[in-house]
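For the sequence shown, the positions run 1119 to 1202 when this note's numbering is used. We treat Cβ as the ideally placed atom computed from N, Cα and C, and that holds for glycine. Take a look at the structure below.
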Amino acid sequence: MYGVITVAPAVHLYDFSTLPLPQCPWLLIQGEADEVVPVEAVRDWLSGIAPQPQTLILPGVGHFFHGHLADIKSALRDFVSSHL
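Right, here's the structure in full:
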């Protein structure tokens, strides 16, 4: 089995509309205070796609997830153990 994990996808820089959406378990992780990839751009992109990925938006977290790597580790462990 396989899955996809995306972290702060640069949907504001590239046209993701031509990419096929994953048809497998999919986790998207995004910092709400991301200074590189605007969270609103990611939310807008997500609003137009189906199926929706499992999404974790971390409040107050920037692009490099400083001080929140344990949160990401936990999310990844949960995702992998439940889907893969």
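Residue i versus residue j: straight-line alpha-carbon distance, rounded
{"i": "D1196", "j": "P1177", "result": "19 Å"}
{"i": "L1139", "j": "A1168", "result": "8 Å"}
{"i": "F1134", "j": "L1164", "result": "11 Å"}
{"i": "S1192", "j": "Y1132", "result": "29 Å"}
{"i": "L1187", "j": "I1123", "result": "15 Å"}
Secondary structure of residue i, DSSP reduced to three states
{"i": "L1139", "result": "coil"}
{"i": "I1175", "result": "strand"}
{"i": "V1155", "result": "coil"}
Cβ of residue i within 7 Å of any chain C Cβ
{"i": "H1184", "result": "In the structure shown, chain C does not exist; there is a single protein chain."}
7 Å Cβ shell around residue i - same chain, five flanking residues per side excluded
{"i": "E1153", "result": "G1180, H1181"}
Residue environment, residue i, which counts as buried when at least 16 other CB atoms sit within 10 Å
{"i": "A1126", "result": "buried"}
{"i": "G1149", "result": "buried"}
{"i": "V1129", "result": "buried"}
{"i": "V1083", "result": "Past the edges of the chain, shown from 1119 to 1202, lies residue 1083, and the structure says nothing about it."}
{"i": "L1145", "result": "buried"}
Residues near residue i by beta carbon distance below 8 Å, same chain, minus five either side
{"i": "V1157", "result": "Q1148, G1149, E1150, A1151, I1175"}
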